[in-house]
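Peer 1: When you line the sequence shown up against numbering that gives the first Met the number 0, it's residues 0 to 289, in that order. Glycine is no exception: its CB is placed at the ideal position from the N, C-alpha and C atoms. Please read through the structure below; I'll follow up with questions.
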Amino acid sequence: MNTQAHRTLYDLIRAYMQALGTSRTTVVALKSYMDAVGRLKCAPGNFRPMLDRLNTVIKNTEPKVIPLVHLIEAFEAAMTSADDTSLEAAKKRTVEILKAQLERFEAATAKVTEHCMNAISEGDLIVVHSPTAYIRNALVRAHTELKRSFRVLVLKQDFIRTKELVSDLECHRLNHILIPEYNLSHYLRAAGKLFIGAVSLTPDNQAVTGIGTANVVSLCHWYRVPVYLFVESIKFAHKTLADQHIYDEARDHTEADFTFHLKTHSHDFIDLAMVDHLVTEKGEVPLPSV
């Protein structure tokens with residue numbers, strides 16, 4: 000793949016992350032990988048080099064999709080011991096290993112969802128901001144399965160994910176309030192909890208998050224609204240924030256007759272010092288353990 004192809008893939012992955020969240024993007028990427036392997040036609044000697052090139056590109060996305068990176072690394076380790084004698088055997092083994100990695104990740108996500116459900120109490124007003132899929136599912140299931148009575152304060156930001164969340168809440172008749180993100184200050188004295196997810200957690204105690212999350216977390220932290228960070232442990236990164244490849248760009252943006260030269264970043268980051276509860280598939284874990 001050439002550099003332009005790399006950039007196109009990185010743009011595509013960022014678009015998926017913004018629309019679906021990191022966890023679902025990881026699932027989609029692994030399923031796409033398996034599908035591509037099934038369709039691949041090449042000389043047997045070219046198979047592994049082609050996988051190696053693709054793996055290298057995936058591990059250097061902007062920003063890094065840490066759960067996907069870890070799963071690809073585990074896949075590479077498993078493939079190292081493979082000694083397939085034919086292309087079809089190699090393809091079959093590849094799909095089997097990737098499927099096992101996918102099942103491992105989905106099992107962890109299901110457990111995080113359950114812990115998120117259990118963090119919801121009667122009478123809560125829970126603030127959510129472009130929530131990941133397992134937070135959205137936990138809200139619905141706490142209402143429909145656990146029969147808990149609570150309200151959700153939805154901060155409108157990303158259109159697609161806000162629409163998806165509000166549609167689910169309306170479908171299941173879950174009591175909610177939808178406000179612009181910038182109006183949060185009017186509700187902070189009544190808010191009970193903030194639920195957020197993350198792209199990754201770094202060894203220097205930073206969490207890479209969706210756009211706008213840093214402002215929301217800062218306000219909630221100041222007003223002593225407990226911040227709950229739900230994340231699969233596979234999202235713990237080996238390298239610091241500076242190595243997470245957060246994407247930035249500068250381009251002209253015209254409104255009316257004036258042109259702004261605007262610099263933007265693809266993601267926010269927050270200091271874990273502002274998080275009150277860190278919850279993984281194992282349950283709540285001490286923050287220093289990160």
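For Y227, name the three-state secondary structure that DSSP assigns.
Peer 2: Y227: strand per DSSP, three-state reduction.
Peer 1: I'd like the span of the alpha helix (DSSP H) that includes I134, first residue to last.
Peer 2: That run of the alpha helix (DSSP H) goes 132–143.
Peer 1: Based on the DSSP secondary-structure assignment, which residues constitute the bridge partners of K192?
Peer 2: I125, per the DSSP bridge assignment.
Peer 1: Could you check where the beta strand (DSSP E) with R250 kicks off and where it finishes?
Peer 2: Segment 247–254, the beta strand (DSSP E) holding R250.
Peer 1: Using 8 angstroms for Cβ pairs, my map puts V224 next to A190. What's the rounded Cβ distance?
Peer 2: V224 to A190, Cβ: 5 angstroms. Contact.
Peer 1: Determine whether the Cβ of V36 lies closer than 8 angstroms to any Cβ atom of chain C.
Peer 2: Protein chain content of the structure displayed is limited to a single chain, and chain C is not contained in it.
Peer 1: Rounding to the nearest angstrom, what Cα-Cα distance links D247 and I233 in this structure?
Peer 2: In a straight line, the C-alpha of D247 is about 25 angstroms away from that of I233.
Peer 1: Return the first residue and the last residue of the beta strand (DSSP E) that L290 is part of.
Peer 2: Examination of residue 290 is not possible in this model, given that the chain is present from 0 through 289 alone.
Peer 1: What does F304 pair with, by DSSP beta-bridge criteria?
Peer 2: No answer is possible for residue 304: it lies beyond the span of the chain, which begins at 0 and ends at 289.
Peer 1: Between which two residues does the alpha helix (DSSP H) containing P48 stretch?
Peer 2: Start and end: 43–57.
Peer 1: Which of the three DSSP states, helix, strand or coil, is assigned to R13?
Peer 2: Three-state result, R13: helix.
Peer 1: Quick one: what does DSSP say G282 is sitting in, helix, strand or coil?
Peer 2: In this structure, G282 counts as strand in the three-state DSSP scheme.
Peer 1: Does DSSP classify V207 as helix, strand or coil?
Peer 2: In this structure, V207 counts as strand in the three-state DSSP scheme.
Peer 1: Please identify the residue among S199, F259, C115 whose C-alpha is closest to the C-alpha of G20.
Peer 2: Here the closest residue by C-alpha is S199.
Peer 1: Could you compute how far the alpha carbon of H260 sits from the alpha carbon of Y15?
Peer 2: Distance between the alpha carbons of H260 and Y15 is about 26 angstroms.
Peer 1: V26 and L138 - do their beta-carbons sit closer together than 8 angstroms?
Peer 2: For L138 and V26, no; Cβs fall outside 8 angstroms.
Peer 1: Report the residue from D256, A206, L29 whose alpha carbon sits nearest the alpha carbon of A236.
Peer 2: Nearest of D256, A206, L29 to A236, Cα basis: A206.
Peer 1: Tell me, please, whether the region 155–175 touches the region 104–116 by the rule of three or more beta-carbon pairs shorter than 8 angstroms.
Peer 2: No: fewer than three Cβ pairs fall under 8 angstroms.
Peer 1: In chain order, what residues of the same chain lie with their CB nearer than 8 angstroms to the CB of H276, ignoring the 5 residues before and after it?
Peer 2: So the list reads A118, P225, V226, Y227, L228, E283, once near-sequence residues are dropped.
Peer 1: Check whether the region 165–177 and the region 122–139 touch, using three or more Cβ-Cβ pairs below 8 angstroms as the test.
Peer 2: Because the criterion of three Cβ pairs below 8 angstroms is met, the region 165–177 and the region 122–139 touch.
Peer 1: Answer with buried or exposed for K98, where buried requires no fewer than 16 other C-beta atoms within 10 angstroms of its C-beta.
Peer 2: Result: exposed.
Peer 1: Secondary structure at M33, three-state DSSP: helix, strand or coil?
Peer 2: It is helical.
Peer 1: Express the C-alpha separation of L39 and L53 in angstroms, rounding to a whole number.
Peer 2: Going from the Cα of L53 to the Cα of L39 covers about 13 angstroms.
Peer 1: Using 10 angstroms around the beta-carbon of F268, count the other beta-carbons present and answer buried if the total reaches 16, otherwise exposed.
Peer 2: Label assigned to F268: buried.
Peer 1: What did DSSP end up calling H237 once you bin it into helix, strand or coil?
Peer 2: It is coil, neither helix nor strand.
Peer 1: Check whether the region 170–180 touches the region 58–72, counting contact only when three or more Cβ pairs, one atom from each stretch, lie closer than 8 angstroms.
Peer 2: Counting Cβ pairs under 8 angstroms, fewer than three are found: no touch.
Peer 1: Over what stretch of residues does the alpha helix (DSSP H) that includes D167 continue unbroken?
Peer 2: D167 -> alpha helix (DSSP H) spans 158–170.
Peer 1: Apart from the five residues just before and just after V94, which ones in its own chain have a Cβ nearer than 7 angstroms to its Cβ?
Peer 2: Excluding residues within five positions, the ones whose Cβ falls inside 7 angstroms are M33, V36, G37.
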